[in-house]
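Novice: Handing you this structure, nothing more for now.
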DNA sequence: GATGAATGAGGATTCATTCAT
DNA sequence: AATGAATGAATCCTCATTCAT
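Okay, structure coming up:
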């Protein structure tokens, strides 16, 4: 008797493979056929676990989105000091390191997200993040710096992969340093 | 004699409409049918002016790419001082303001570009830009700052549109200020 | 001890729900999923009770078909008088009032039935009915009248539902009157 | 040089073949692939001429529907006498003889039509026809007779095909006789 | 300088059906 | 008596591309 391929957690495996391909080739260019083939199942199997292609994407976002929401909530409960904002940056970096692929997808598939309801949701979330990182009393450049800090984290976290000289975490750490420096009074 | 619809410069009009749609909805999701409809011509007409869909995209990039190449060439001919780098930032900002849509497209369609020859070309170009903005002697955070400066320009130039309180140019100017500040010794 | 959901007669409930949906949306457009959902069971459950989708349909027909067969047999055993034919009409009307949905299905899904063995069976049955209601000695219009009498019953029985001014039975009674009038020497 | 297959009137040929198949096997069961194959073209060719499968159906209805509308309009402009109604029946029969397949489709695909906008349209049309053939002063059986007269025409026109002893037109003529007899004061 | 008609490849989705549990 | 997971075949439809005119 041969050991059977574990028939469990197919749902989770679909999400993983899908995210990989969505991040690499883009949502539109990724055919469900590819996902299915890579998993050794039929296209129809995907439809057993998810209602639509979009649903796969949404399900991927939903989980990690919660974490960001919690971070924003936490920040709102704190005094709006520079130190709070710096802590937000640090925690955001921590969150993103575990979600590199999703991060990449978010940054590189804006047109897709713009046309999807989930995109609107993410847009609101990012707006919330920007809100806790800046305030209207700041100069325009400083407000830009606050927003750029978020991008610094993203950029550092994503770029790590393609750079051979430095490890992913080294780059991500450097990104935090740069980002913290962008948060001004 | 009836007044003729000016049939002039159809080629250029195709490029304009195409870029608009590519930037808004993404390259993959934009059908040639849409471009044709928006122009009031047939799909086949597009094929009179361009060999393929990809060719439309490439032709759009080619022109403005030259400007960047020239900027890089110019920078390489200068002494690698901070002031040179700052001037590169300033000139890059100037270039980009005239190419907002293309800039948006470049940032938001990475997966598409990754799969296309033109993407490889652009990647090299950006690498060149990074090269003149940083050097190996710098600390990792400072190298990141150099790269981030480019993104600051992009971000500032693109974001301008969706922000009501500040004009596009105000934001772009602020972005230059932030970017210049990111260029270190 | 908790009160059990009555698991009784699932088979019959499937037939009921299926007939409702088949009649309303047509056999082809009715998915087994819909039937299952409406019953609160799984598709697979349907397959415990019936071998195929077609089998559900056949099982629905089989029961009430017997009654028609008996009516035809009875008619054949009587003298072929006008009065016999009128009695057939009356009895047929009685039969159909208890099977409105099935009647509707039969009339509105001819293409489906034509492609299914059960359709051939029903066709023979109707031919038998026509046979006892007409004879070759009649004029062509009178033969048509005999056949039309059957449709008058069907029409009257089915239409009753959508007409608010008159009750279903009033219309069905009127249909009998019209049908009887169509049976000629 | 060989004589080319006439590349013209593809649109009309699609409608013809489609109606044949829709009438024979039903709308749902008829795959666009079948229509295309029967015509020796690609599925995509159908989509050049029609926007959707439903659109093919609608386009088929639209033409002959006009004729019925005109008939109803004409009837409404006449005095509501028995003779007017009888003339409506005669003209309706004439109309239907040229549209046997469409007539068959209408009668045998009610569930499909019920779910389609075009079905609602046809329902209104038939209601209009019934309106000019009956009036509220009549007894219920006589109102039913008026409606049944329409079905007599349909039935007679359609049945002709499957009956070998009598020609289609003989049966249709008989149907008119029966139908006229169903129109009462 | 452009169109009308068509193709071939491929997309997402749905369905009836199966089978081990 | 019924489910959970999956399949294979089919569906409608869209797209980039071609080519004779």
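Protein chains in written order, with this note's numbering: chain E, 32 to 216; chain H, 32 to 216; chain F, 32 to 216; chain Y, 32 to 216. Ideal placement from N, C-alpha and C gives every residue a C-beta, glycine not left out. Because the structure is a prediction, the values reported are computed rather than measured.
So with CB distances below 8 Å, who are the chain H contacts of residue 202/E?
Specialist: Those within 8 Å of residue 202/E in chain H are 171, 175.
Novice: Which residue's Cα is closest to the Cα of residue 50/E: 179/E, 134/E, 190/E?
Specialist: Among 179/E, 134/E, 190/E, the Cα nearest to that of residue 50/E is on 134/E.
Novice: Count the other C-beta atoms from every protein chain shown that fall within 10 angstroms of the C-beta of residue 48/Y, then say buried if there are 16 or more, exposed otherwise.
Specialist: The residue in question, residue 48/Y, is buried, as its Cβ has 16 or more Cβ neighbours within 10 Å.
Novice: So is residue 56/Y in contact with chain F if we call contact Cβ pairs under 8 Å?
Specialist: Output row for residue 56/Y: interface = yes.
Novice: Here's a check: name, in chain order, each residue in its chain whose Cβ is nearer than 7 Å to the Cβ of residue 216/Y, leaving out the five neighbours to either side.
Specialist: Hits under 7 Å: 113.
Novice: What did DSSP end up calling residue 45/E once you bin it into helix, strand or coil?
Specialist: In the structure shown, residue 45/E sits in a helix (DSSP, three-state: H, G or I).
Novice: Check whether the Cβ atoms of residue 127/H and residue 87/H sit closer than 8 Å, and answer yes or no.
Specialist: Cβ atoms of residue 127/H and residue 87/H: not closer than 8 Å.
Novice: Just the Cα atoms here: how many angstroms apart are residue 19/E and residue 103/E?
Specialist: Given that chain E is displayed from residue 32 to residue 216, the structure contains no residue 19/E and the question cannot be resolved.
Novice: So, residue 213/H versus residue 179/H, is the Cβ gap smaller than 8 Å?
Specialist: Yes. Within cutoff.
Novice: When the Cα of residue 44/E is compared with those of 72/E, 115/E, 157/E, which residue comes out closest?
Specialist: If we check each option's Cα against that of residue 44/E, 72/E comes out closest.
Novice: Return the CA-CA distance between residue 197/Y and residue 149/F, expressed in angstroms with no decimal places.
Specialist: For residue 197/Y and residue 149/F, the distance between alpha carbons rounds to 27 Å.
Novice: Which residue wins for smallest C-alpha separation from residue 129/F, given the options 99/F, 163/F, 110/F, 108/F?
Specialist: It is 99/F whose Cα lies nearest to the Cα of residue 129/F.
Novice: Run through chain E and tell me which residues come within less than 7 Å of residue 205/H, C-beta to C-beta.
Specialist: The answer, in chain order, is 171, 172, 175.
Novice: Counting C-beta neighbours from all protein chains within 10 Å, is the total for residue 155/E 16 or more, i.e. buried, or is it exposed?
Specialist: By the 10 Å Cβ count, residue 155/E comes out exposed.
Novice: Considering just the uninterrupted stretch of the alpha helix (DSSP H) at residue 190/H, what are its terminal residues?
Specialist: Note, residue 190/H: alpha helix (DSSP H), 171 to 190.
Novice: How about residue 182/F: is its C-beta nearer than 8 Å to some C-beta of chain Y?
Specialist: Closer than 8 Å to some Cβ of chain Y, the Cβ of residue 182/F qualifies, so yes.
Novice: DSSP on residue 215/H, reduced to helix/strand/coil?
Specialist: Residue 215/H falls in the coil class under three-state DSSP.
Novice: Short of 7 Å in beta carbon distance, which residues of its chain neighbour residue 64/H, apart from the five on each side in sequence? Order them along the chain.
Specialist: Excluding positions up to five away in sequence, the list reads 74.
Novice: Can you give me the start and stop residues for the alpha helix (DSSP H) that residue 197/F sits inside?
Specialist: Residue 197/F -> no alpha helix (DSSP H), and no H or E assigned at all.
Novice: Applying a beta-carbon distance threshold of less than 8 Å, which residues of chain F neighbour residue 148/Y?
Specialist: Neighbours of residue 148/Y on chain F: none; closest Cβ ~16 Å, over 8 Å.
Novice: If residue 61/Y and residue 53/Y are in contact, beta carbons under 8 Å, what's the gap, nearest whole angstrom?
Specialist: Their Cβ separation, rounded to whole angstroms, is 5 Å, which keeps residue 61/Y and residue 53/Y in contact under 8 Å.
Novice: Residues in its own chain within less than 6 Å of residue 91/H by CB, not counting five upstream and five downstream?
Specialist: Closer than 6 Å at Cβ, skipping near neighbours: 46, 50.
Novice: Do you know offhand how far residue 115/F's Cα is from residue 159/Y's?
Specialist: If you take the alpha carbons of residue 115/F and residue 159/Y, they lie about 37 Å apart.
Novice: With 8 Å set as the bound, which would you pick, yes or no: does the beta-carbon of residue 187/H sit closer than that to a beta-carbon of chain E?
Specialist: So yes, residue 187/H belongs to the interface.
Novice: Which same chain residues end up closer than 7 Å to residue 205/E when comparing Cβ atoms and leaving out the 5 residues on each side of it in sequence?
Specialist: Closer than 7 Å at the Cβ level, and outside the excluded window around residue 205/E, lie 187.
Novice: Determine which residues of the stretch 93 to 125 of chain F have a Cβ less than 7 Å from any Cβ of chain Y, and write them out in chain order.
Specialist: From the stretch 93 to 125 of chain F, no residue has a Cβ closer than 7 Å to chain Y.
Novice: Helix, strand or coil: which one does DSSP assign to residue 98/E?
Specialist: Correct three-state label for residue 98/E: helix.
Novice: Within its chain, find whatever has a CB closer than 8 Å to the CB of residue 57/H; leave out the 5 residues flanking it on each side and keep chain order.
Specialist: Cβ neighbours of residue 57/H beyond the five flanking positions: 139, 140, 143.
Novice: Would you report the Cα separation of residue 80/F and residue 167/Y, rounded to the nearest angstrom?
Specialist: In a straight line, the C-alpha of residue 80/F is about 50 Å away from that of residue 167/Y.
Novice: Cβ atoms of residue 175/F and residue 117/F: under 8 Å apart, would you say?
Specialist: For residue 117/F and residue 175/F, no; Cβs fall outside 8 Å.
Novice: Please return the same chain residues whose Cβ sits closer than 7 Å to the Cβ of residue 37/Y, not counting the five positions on each side in sequence.
Specialist: Reliability fails at residue 37/Y, whose pLDDT of 49 lies under 50, so the model's placement of it is uncertain and the value that follows must be treated cautiously. Excluding positions up to five away in sequence, the list is empty.
Novice: Closer than 7 Å by beta-carbon distance: list the chain Y residues that pair up with residue 164/F, in chain order.
Specialist: None at all; the shortest Cβ gap to chain Y is about 14 Å.
Novice: Using 8 Å as the threshold, is the C-beta distance between residue 189/F and residue 131/F below it?
Specialist: Yes, the pair counts as a contact, with Cβ atoms nearer than the cut-off.
Novice: For residue 159/Y, report the span of its alpha helix (DSSP H) as first-last.
Specialist: Note, residue 159/Y: alpha helix (DSSP H), 148 to 164.
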